[in-house]
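**Student:** Could you have a look at this structure, given as structure tokens, before my questions?
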Amino acid sequence: MLGGTFDPVHIGHLRGALEVAEALALDELRLTPSARPPHRGTPQVSAKDRLAMVECAVAGVAPLVVDARELQRDKPSYTIDTLELMRAELAAEDQVFLLLGWDAFCGLPTWHRWEELLQHCHILVLQRPDADSEPPDALRNLLAARSVSDPLALKGPSGQIAFVWQTPLAVSATQIRQLLASGKSVRFLVPDAVLAYIDAHGLYRASN
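As structure tokens, this is what we get:
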């Protein structure tokens, strides 16, 4: 599971997801757009548009799929709730992985019921060369007790943490929104199908 606002989804999200899916031979990797993320500002475009863009982005790209359940809940998108629902639908021995960027991982101690996450999944931290900050104290003991050096060595359905190297792509949704607002091209920063959707619906453009 890779959650996010996807405002908009871009090649950084998609390339990281695909690399992890291939490296771990995952049956599927679910991109899960969040409705009302508790730790971020309100997304700039509607949940319907963000979902449509993710669906455009992953169409025909196995094993990437879209999981829209968080958009169907009328409350903040708490990851623990999503994991509990996913886990209930799967066999007890099925492995579940939660993908987090380094910044999100360092912010875990502020998440709702964060200490329970590893009861339901393994955590895979997407590691980039610029992630040189130290994790907060609350995570150091957890890392010491639960981290595994090789993601392929993760055992059982849940409970461990591993770091996964990803191709460094310095792309952000903020940057893409700024480019679009200033009338500049975002070609090759988002999939062509996503760009076509943005253009067709006039998303992120500065109002005249």
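Numbered per UniProt numbering, the sequence shown spans residues 1 to 208. For glycine and all other residues, C-beta sits at the position ideal for the given N, C-alpha and C.
Does the beta-carbon distance from residue 154 to residue 105 come in below 9 Å?
**Tutor:** Here residue 154 is not near residue 105, since their CB atoms are 9 Å or more apart.
**Student:** What are the start and end residues of the beta strand (DSSP E) that includes residue 163?
**Tutor:** 161–165
**Student:** Going by beta-carbon coordinates alone, are residue 196 and residue 59 separated by less than 9 Å?
**Tutor:** Result no, Cβ atoms of residue 196 and residue 59 do not sit closer than 9 Å.
**Student:** With distances taken Cα to Cα, identify the nearest neighbour of residue 2 among 42, 69 and 49.
**Tutor:** 69
**Student:** Leaving out five residues on either side along the sequence, give the residues of the same chain with a beta carbon under 6 Å from the beta carbon of residue 61.
**Tutor:** none
**Student:** Mind checking which residues open and close the beta strand (DSSP E) that includes residue 13?
**Tutor:** Segment 11–23 is the alpha helix (DSSP H) holding residue 13; no beta strand (DSSP E) there.
**Student:** Which ranges does the beta strand (DSSP E) cover as unbroken runs of at least 3 residues, wholly within the stretch 83–165, from first to last along the chain?
**Tutor:** 97–101, 122–127 and 161–165
**Student:** Between which two residues does the beta strand (DSSP E) carrying residue 247 extend?
**Tutor:** Only positions 1 to 208 of the chain appear in the structure, and residue 247 is not among them; the question remains open.
**Student:** Per DSSP, what are the beta-bridge partners of residue 2 in this structure?
**Tutor:** Residue 2 pairs with 31 and 99.
**Student:** Please state whether the Cβ-Cβ distance between residue 136 and residue 109 is less than 9 Å.
**Tutor:** Yes, they are a contact pair.
**Student:** Could you tell me the boundaries of the alpha helix (DSSP H) in which residue 180 lies?
**Tutor:** 173–181
**Student:** Ordered along the chain, which non-local residues of its own chain (more than five positions away) have a Cβ less than 7 Å from that of residue 7?
**Tutor:** 43, 44, 45, 50 and 173
**Student:** Do the CB positions of residue 119 and residue 102 come within less than 9 Å of each other?
**Tutor:** no
**Student:** From 176, 41, 81 and 23, pick the residue whose C-alpha is nearest to that of residue 32; which is it?
**Tutor:** 81
**Student:** Residue 45 by DSSP, collapsed to three states: which one?
**Tutor:** coil
**Student:** With residue 194 as the anchor, note down where its alpha helix (DSSP H) starts and where it stops.
**Tutor:** 192–201
**Student:** Please classify residue 163 as buried or exposed, where buried requires at least 16 neighbouring CB atoms within 10 angstroms.
**Tutor:** buried
**Student:** Candidates 48, 111, 88 and 57: which alpha carbon is nearest residue 17's?
**Tutor:** That would be 57, whose Cα lies nearest to the Cα of residue 17.
**Student:** DSSP on residue 186, reduced to helix/strand/coil?
**Tutor:** In the structure shown, residue 186 sits in coil (DSSP, three-state: anything other than H, G, I, E or B).
**Student:** Count the other CB atoms, across all protein chains shown, that sit within 10 Å of the CB of residue 88; report buried if there are 16 or more and exposed otherwise.
**Tutor:** exposed
**Student:** Just to confirm my understanding: we take residue 10, look at its own chain, exclude 5 residues before and 5 after, and list those with CB closer than 7 Å. What are they?
**Tutor:** 171, 173, 176, 189 and 190
**Student:** How big is the Cα-Cα spacing for residue 124 and residue 147?
**Tutor:** 10 Å
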